[in-house]
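Peer 1:
Right under this line is the structure:
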């Protein structure tokens, strides 16, 4: 890690010329994308070895990249977290080794041609992964790669610093703003559990199965449940007539 | 093994521990033992400042009571305390002439069979964490190369402790984050379940859960969990 590199990145973080207020998760993502010169960046949080959601995304494509990984359980951030090494895919539409059968196509359709995941940790404590995408195929340059490693470390420390300020038992306000922890999925799970009179775990399975069977995203199906456009009854989901 | 090789190996082993999770006490004990070997001294110890101030023994090279006692005495007086306060090394102090400087400590150290004592500061930039304390049974002075080696080992101990603290804090905060996220999930699930059962909107469901928690002096997460578990009936909310 070069000291100059770190100082430059920290400088970006503290600068007040960005769209987002300094010291926030949104600003962190904004800086990640700018400083690393990629099309978009996002931070995925993992706890209990399960993706929990996105801390921030610099644009809607990054938000989609995280959301796909959350619902599908595969992708560059998932792999980066699990393997604890950077995961690099310079051409998602034509990878050298096929991977992420479910994640790849929708991500490419949305405009992500190259995707990269960098694990985020403080010492031995693993927090998640930084996800970067570019709208053209190609590898990261050596500088971008080195900067991304530093940025992932900075992002991890930033998450810890933000949460450390929170009142006991609560999520830090700075972590909530701009984040997406897919609360709609959890709300929908509660509703389906009540509709079918089953456990929450089973309700989630049914919700996922419905989304999969209808080629829909889990979060979209969940939205419909919460909006009462989709009900589950007698084990068969149907739209209210 | 020649000293240079032993020193190199020590540094590499210590550097490795900074990357992976490690037990800081094991590390410091290993460091002190290695110091004693590399520097050809009789005994060594690491004294670290405690949160409330004052030095305490973090690791020592031997468990002989007499040795441990020598460190414990130093919370009040002695080379470690001097070193810690000034941030400067205390070198080649002859214990036979140290009665004025350390009236309580010097006689006890002499009685334990030691003749000379050294203390190297554990410091990082302006921050002094404690001292590396070394005893010899002879009055031989430390050579400049010995001093450099001892200070380098003290520096690694400092970094290891600071790294450990940072990781420890990160572990604690990460655990809190995990708990907070899990609690939110349970609360959202309870909202959905209540909204469905009572035929109300999500906001109203949240409001009812929150009112119940307030009126019964319970935490929202506990109310949400009870509702999900079935021990709290919908009608009560």
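Chains as they are written, first to last, in the working numbering: chain A, 1 to 241; chain B, 1001 to 1237.
C-beta atoms are modelled at their ideal positions from N, C-alpha and C, and glycine is treated no differently.
This structure is a prediction, so every number in the text was calculated from the model and none was measured.
1. With a 10 Å radius around its C-beta and 16 neighbouring C-beta atoms as the bar for buried, classify residue 123 (chain A) as buried or exposed.
2. Less than 8 Å between CB atoms is the rule here; does residue 39 (chain A) satisfy it with respect to chain B?
3. Using Cβ-Cβ distances below 7 Å, what residues of the region 27 to 56 of chain A are close to chain B?
4. Indicate whether at least one CB of chain B lies closer than 8 Å to the CB of residue 125 (chain A).
5. Should the region 71 to 84 of chain A be regarded as contacting the region 1208 to 1228 of chain B, the criterion being three or more beta carbon pairs within less than 8 Å?
6. For a test of the three-state rule: what should DSSP assign to residue 1224 (chain B), helix, strand or coil?
7. Closer than 8 Å, CB to CB, is residue 1223 (chain B) near chain A or not?
8. How about residue 1170 (chain B): is its C-beta nearer than 8 Å to some C-beta of chain A?
9. What separation, rounded to the nearest whole angstrom, lies between the Cα atoms of residue 151 (chain A) and residue 1160 (chain B)?
10. Once the 5 residues before and after residue 166 (chain A) are set aside, which same chain residues still bring their CB inside 6 Å of it?
11. Taking its Cβ as the centre, do 16 or more other Cβ atoms sit within 10 Å of residue 1 (chain A), making it buried, or is it exposed?
12. Beta carbon of residue 114 (chain A), beta carbon of residue 136 (chain A): below 8 Å?
13. I'd like the list of long-range same chain contacts for residue 244 (chain A), defined as Cβ closer than 7 Å, with 5 residues on each side in sequence excluded.
14. Helix, strand or coil for residue 50 (chain A), going by three-state DSSP, please let me know.
15. Could you have a look at residue 1229 (chain B) and say whether DSSP puts it in helix, strand or coil?
16. So what does DSSP say about residue 210 (chain A), is it helix, strand or coil?
17. Could you please give me the residues that DSSP links to residue 120 (chain A) through a beta bridge?
18. Could you tell me whether the Cβ of residue 210 (chain A) comes closer than 8 Å to any Cβ of chain B?
19. Identify whether residue 1048 (chain B) lies in helix, strand or coil by the three-state DSSP scheme.
20. Please report the residue range of the alpha helix (DSSP H) in which residue 220 (chain A) lies.
21. State yes or no: is the beta carbon of residue 1136 (chain B) nearer than 8 Å to at least one beta carbon in chain A?
22. So, helix, strand or coil for residue 1094 (chain B), using DSSP?
23. Pull up the distance between the alpha-carbon of residue 231 (chain A) and that of residue 198 (chain A), whole angstroms please.
24. Any beta-carbon of chain A closer than 8 Å to the one on residue 1192 (chain B)?
25. Would you mind giving the Cβ-Cβ distance between residue 1097 (chain B) and residue 1115 (chain B), rounded to the nearest angstrom? I have them listed as a contact below 8 Å.
26. Spell out the partners DSSP gives residue 40 (chain A) in its beta bridges.
27. Are residue 116 (chain A) and residue 87 (chain A) closer than 8 Å when you measure CB to CB?
28. Closer than 7 Å, Cβ to any Cβ of chain B: which residues of the region 179 to 191 of chain A, in chain order?
29. Work out the CA separation of residue 1193 (chain B) and residue 1199 (chain B) for me, nearest whole Å.
30. Does DSSP put residue 1 (chain A) in a helix, a strand or coil?
31. Is the beta carbon of residue 148 (chain A) closer than 8 Å to that of residue 120 (chain A)?
32. Given residue 1044 (chain B), which residues of its chain have a CB within under 6 Å of its CB, disregarding the five upstream and five downstream residues?
Peer 2: So, from the listed chains and residues:
1. Flag for residue 123 (chain A) reads buried.
2. So, not an interface residue.
3. The region 27 to 56 of chain A vs chain B, Cβ under 7 Å: 47, 48 and 52.
4. It does; some Cβ of chain B falls within 8 Å.
5. The region 1208 to 1228 of chain B and the region 71 to 84 of chain A do not touch, with fewer than three beta-carbon pairs separated by less than 8 Å.
6. Under the three-state reduction of DSSP, residue 1224 (chain B) is assigned to helix.
7. In terms of beta-carbon proximity, residue 1223 (chain B) stays away from the interface with chain A, with every pair separated by 8 Å or more.
8. It does: the Cβ of residue 1170 (chain B) has a partner Cβ on chain A nearer than 8 Å.
9. For the pair residue 151 (chain A) and residue 1160 (chain B), the Cα-to-Cα distance works out to about 23 Å.
10. Here residue 166 (chain A) has 172 as same chain residues with Cβ atoms under 6 Å from its own Cβ, once five neighbours each way along the sequence are excluded.
11. Low local confidence applies: a pLDDT of 47 at residue 1 (chain A) is under 50, so the model's placement there is unreliable, with the coordinate-based value given in what follows. Exposed: under 16 other Cβ atoms inside 10 Å.
12. With respect to the 8 Å criterion, residue 114 (chain A) and residue 136 (chain A) are classified as neighbours on the basis of their beta carbons.
13. The displayed coordinates of chain A run from 1 to 241. Any statement about residue 244 (chain A) would go beyond what the structure contains.
14. In the structure shown, residue 50 (chain A) sits in a strand (DSSP, three-state: E or B).
15. It is helical.
16. Note: residue 210 (chain A) maps to helix in three-state DSSP.
17. In DSSP, residue 120 (chain A) forms a bridge with A:128.
18. No - not a single Cβ of chain B is within 8 Å of the one on residue 210 (chain A).
19. Looking at residue 1048 (chain B) - three-state DSSP - the assignment turns out to be strand.
20. Residue 220 (chain A) -> alpha helix (DSSP H) spans 218 to 226.
21. At least 8 Å separates the CB of residue 1136 (chain B) from every CB of chain A.
22. Per DSSP, reduced to three states, the secondary structure at residue 1094 (chain B) is strand.
23. A direct Cα-Cα distance of roughly 14 Å separates residue 231 (chain A) from residue 198 (chain A).
24. Yes, contact with chain A.
25. The distance from the Cβ of residue 1097 (chain B) to that of residue 1115 (chain B) is about 11 Å, inconsistent with a contact at the 8 Å cut-off.
26. Note: residue 40 (chain A) sits in a beta bridge opposite A:133.
27. Yes, they are a contact pair.
28. Per Cβ criterion, the list reads 181, 183, 186, 187, 188, 189, 190 and 191.
29. Taking the straight line joining both Cα atoms gives about 10 Å.
30. Unreliable positioning characterises residue 1 (chain A) in this predicted model, as indicated by a pLDDT of 47, which lies under 50. A coordinate reading is not provided.
31. Not a contact, by the Cβ cut-off of 8 Å.
32. Here the set comprises 1032, 1035, 1036, 1061 and 1134.
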